[in-house]
C-alpha cells in the first residue's frame, strides 16, 4: 500500500506583489506545534474555461472553485516503507502539459506507478499570462511558470529523502508543454538541474510552439492585455503594477482571445528568451533553443524522447470538416480541398502577422519604413508541395490512407519534427544514452474512433496505470473516473509501459540486460522473474530497447506486439524544419488582371501593327492638310465676296445721295 501526501506547498503563493515575479521559497513550517493537512489536493492554477472543461473529462465533479492563483503545490506518492535505513528509491517527477495555458497535476494519480517501488511527484505551475507574460525587462522577464518548475525540482531534491526518495536519482517526465519545459531546462547553463534523467513526451524545446520568439513582440502582447484591462501601456513598470491590482481570473479570461498565429500555438503566453540576470535568479535560456543546441550548450544526460503514432488526430478532428467525411475517408478531391484550406489559413496568418509586425516596427522608429505589402505568397505553390508530400502514391485513390496522411500532416507539423530533431542532437552525445519510442497502441474499447489511432496523450493512461482502475476501486483515485472499460490486453500494455519507464528511472536503461525484470505484480504470483508470465503473448513484449546512435536511429514501437524500428519520419522532420520556413520567403509580384494569352503578340506581329499605325497616321495627316487647304480657300472666297458686296452697296448709296 502506498502513502500519499497531497497539497504540499513548494513556494509562497504568487499573489499580490508576488504576481509576475519568480517564486520564493515557502514559509517555514513549525512541525513541533502544527500538523499539516496533506490529505487533499490544493487548487489548480487559473486557466480559461475551455481548459477547465478538459480537466472535467477526467474528473467530472471538478468544481470551478478549485482554481486559484494560490496553486504552487505538489503531491507525493510513495511506497509504505517503515525502515528509514533501507536504500532510497528512484524518484519520478511528472510535469503536466496543456499548451502552457491549462492542465492540472490532479489528473495524474501516481498511486499505481508508485507500486513499482518508485516515489512519484506531481505539481502545478503558473499558466497563461500569470505564468508567461513577458515585457522583455528585468521586472517583467516572464517564464514564471518555468521558475515554478525549477523551484519544485529544487524542493524535491532538498526534501525527497524524507519520503524515502533518492535525491541523486531523480527522473523528470514531461508531456507536451511539460516536455518542452524539460528541454528548456536542459539549456540552462548556470543553475543545477536537480534531476539526473529526462523523458520528453510529444514535445521538445525545438517545437515552434515551445517559446514566443522575439520577433513576435512579447511586450506588445502584454500591452494588448493591459489595454483590455484599462491599464496604461506606455510605461512597463506602471503596466505591471496595474495588472497586479486586477483580479487574476479577469486577467486569465481577458487573455484568451488575443490573436496569435495558429502555427506558433494560437496564443502568446509561452516561455520567452531571457537575458536578464540578478543576484538571485539566473535565466532559463538566453538564446533561441536551436542556436544553443547547435553550439552543444545543453545538458548531457540520458533521455527518452517519444510521441504517439497519431499525435495530430485530435487537432485534425477539430478542424471545420464534416465528421461524416472524416469517417468515410478522403477522396483526392476532398484532400486537395483540405490542403487548400490548410494553406490558406497559414497564409492568412502570415499576412496578419506581417501587418501586426509592421505596426510594431513603425511605432518604434523615427523613420518611414518601406511596406512590403506588394508581394504575395505563392499559396497555390505551397498547396502543391503539401499535396505531393502527403499523397499516398502507392494507392492515390485510397480514401482511408488519404485521411491518415492528413493526420500525419498535423502530427508532423506539431510534434514529429521537433521530437526527431531533438533526438538527433542527443544521439550525437557520448557517455549518456538517448532512446526514442512511438506509442501506437489503440485499445479495442478506446473512447476514440479507430481511425484516430493513438492520439496525443494516449500513453499517459498506461504510464499511470489507468487500466487498473477497473479492479482497484479501493485505491484513492480522488475523483478520477474511467473513460472506458479496459481489457486484459490494456493491463498488459500498461504493465509494460510502466516497467519500461521505471527501469529507466532506476537504471538509466529501459531494458537493463536486454529484458524487463525485477517486478512481480502484487496481485498475481508469477513463476518467473520477468514482469510477465512466460506465455506466448507476454514473451512477445519482452524485447530489448536499444539506444539511438547517429548512424542507427532506432526507436521502440509500443503496440500490441512491440518491435524495434529505425528512423521514425525523419524525412517529414526535415520537410517541416528546413523546407517549410523557406516556402514563406518566396513572394510573387501581384498581377491585377489576367492577360489573355492570345493577346500577347510576337515581334513580327508588332512590326506589322506599327507599319499600319504609321501609315494610318501619315494618311490622316495628309487628309488633315487637304481639309485645311479646302477650308482656307473657302474662307478666302467668302471673304472676297463679302468685300465686293460692300463696295457695290456703297456705290449705290452714293449715287442715290447725288440725285
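In the UniProt record's numbering, the protein residues as written are 1 to 659.
Cβ atoms here follow ideal geometry from the backbone N, Cα and C, with glycine treated the same way.
According to DSSP, residues forming a beta bridge with residue i
{"i": "residue 552", "result": "549"}
{"i": "residue 175", "result": "201"}
{"i": "residue 50", "result": "Per DSSP, none; premise fails for residue 50."}
{"i": "residue 2", "result": "79"}
{"i": "residue 307", "result": "438"}
{"i": "residue 212", "result": "272"}
{"i": "residue 44", "result": "67"}
{"i": "residue 160", "result": "Partner(s): none; residue 160 has no beta bridge."}
{"i": "residue 123", "result": "74"}
{"i": "residue 94", "result": "122 and 173"}
{"i": "residue 558", "result": "439"}
CA-to-CA distance, residue j to residue i, given in whole angstroms
{"i": "residue 194", "j": "residue 282", "result": "15 Å"}
{"i": "residue 72", "j": "residue 570", "result": "39 Å"}
{"i": "residue 468", "j": "residue 551", "result": "40 Å"}
{"i": "residue 627", "j": "residue 615", "result": "18 Å"}
{"i": "residue 175", "j": "residue 582", "result": "29 Å"}
{"i": "residue 84", "j": "residue 407", "result": "51 Å"}
{"i": "residue 107", "j": "residue 115", "result": "18 Å"}
{"i": "residue 312", "j": "residue 390", "result": "14 Å"}
{"i": "residue 512", "j": "residue 131", "result": "39 Å"}
{"i": "residue 123", "j": "residue 289", "result": "25 Å"}
Local conformation of residue i per DSSP, three classes
{"i": "residue 509", "result": "coil"}
{"i": "residue 643", "result": "helix"}
{"i": "residue 502", "result": "helix"}
{"i": "residue 587", "result": "strand"}
{"i": "residue 75", "result": "strand"}
{"i": "residue 70", "result": "coil"}
{"i": "residue 16", "result": "helix"}
{"i": "residue 617", "result": "helix"}
{"i": "residue 348", "result": "helix"}
{"i": "residue 564", "result": "strand"}
{"i": "residue 165", "result": "strand"}
{"i": "residue 662", "result": "Residue numbering for the chain in the displayed model covers 1 to 659; residue 662 lies beyond these limits and cannot be assessed."}
{"i": "residue 23", "result": "coil"}
{"i": "residue 9", "result": "strand"}
{"i": "residue 463", "result": "helix"}
{"i": "residue 708", "result": "The structure shown does not extend to residue 708, since the chain is modelled only from 1 through 659, so no value can be given for it."}
Counted within 10 angstroms of its Cβ, other Cβ atoms place residue i as buried (16 or more) or exposed
{"i": "residue 250", "result": "exposed"}
{"i": "residue 352", "result": "exposed"}
{"i": "residue 302", "result": "buried"}
{"i": "residue 93", "result": "buried"}
{"i": "residue 528", "result": "Its pLDDT being 35, under 50, residue 528 is placed unreliably by the model, and the measurement read from it follows with that caveat. So residue 528 ends up on the exposed side."}
{"i": "residue 619", "result": "exposed"}
{"i": "residue 86", "result": "exposed"}
{"i": "residue 494", "result": "buried"}
{"i": "residue 49", "result": "exposed"}
{"i": "residue 156", "result": "buried"}
{"i": "residue 27", "result": "exposed"}
{"i": "residue 720", "result": "As shown, the chain starts at 1 and ends at 659. That puts residue 720 outside it, with no answer to give."}
{"i": "residue 380", "result": "exposed"}
{"i": "residue 639", "result": "exposed"}
{"i": "residue 474", "result": "Reliability of the predicted coordinates at residue 474 is poor, the pLDDT of 47 falling under 50, and the value obtained from them is presented with this limitation in mind. Exposed, by the Cβ-count rule."}
{"i": "residue 170", "result": "buried"}
{"i": "residue 504", "result": "buried"}
{"i": "residue 268", "result": "buried"}
{"i": "residue 611", "result": "exposed"}
{"i": "residue 567", "result": "exposed"}
{"i": "residue 549", "result": "exposed"}
{"i": "residue 643", "result": "exposed"}
{"i": "residue 617", "result": "exposed"}
{"i": "residue 109", "result": "buried"}
{"i": "residue 393", "result": "exposed"}
{"i": "residue 563", "result": "exposed"}
{"i": "residue 421", "result": "buried"}
{"i": "residue 220", "result": "buried"}
{"i": "residue 632", "result": "exposed"}
Residue i Cβ short of 7 Å to the ligand GDP heavy atom set
{"i": "residue 14", "result": "The ligand GDP is not among the ligands present in this structure, which contains no ligands whatsoever."}
Assess contact between the region 182–190 and the region 212–227, defined as three or more Cβ pairs (one per stretch) separated by less than 8 Å. Is contact present? As far as the Cβ criterion goes, the region 182–190 does not touch the region 212–227, which means the pair count is below three.
With contact counted as at least three CB pairs below 8 Å, one residue from each stretch, are the region 411–431 and the region 125–139 in contact? Look at the beta carbons and you see the region 411–431 not touching the region 125–139: under three pairs across the two are nearer than 8 Å.
Check whether the region 299–317 and the region 432–448 touch, using three or more Cβ-Cβ pairs below 8 Å as the test. Touching, yes.
Taking one C-beta from the region 389–407 and one from the region 543–558 each time, how about it: are there three or more such pairs within less than 8 Å? The count of Cβ pairs closer than 8 Å, one atom from the region 389–407 and one from the region 543–558, stays below three, leaving the stretches out of contact.
Would you say the region 12–29 touches the region 137–154, given that touching needs at least three Cβ pairs under 8 Å? Flag = yes, the region 12–29 and the region 137–154 touch.
Contact between the region 54–62 and the region 96–110: three or more CB pairs below 8 Å? Segments in contact, yes.
With three or more C-beta pairs closer than 8 Å as the rule, is the region 233–245 touching the region 491–505? Contact between the region 491–505 and the region 233–245 is absent, with fewer than three C-beta pairs closer than 8 Å.
Taking 8 Å as the cut-off, does the region 224–231 touch the region 441–448 (at least 3 CB pairs, one atom from each stretch)? Contact fails: fewer than three Cβ-Cβ distances are below 8 Å.
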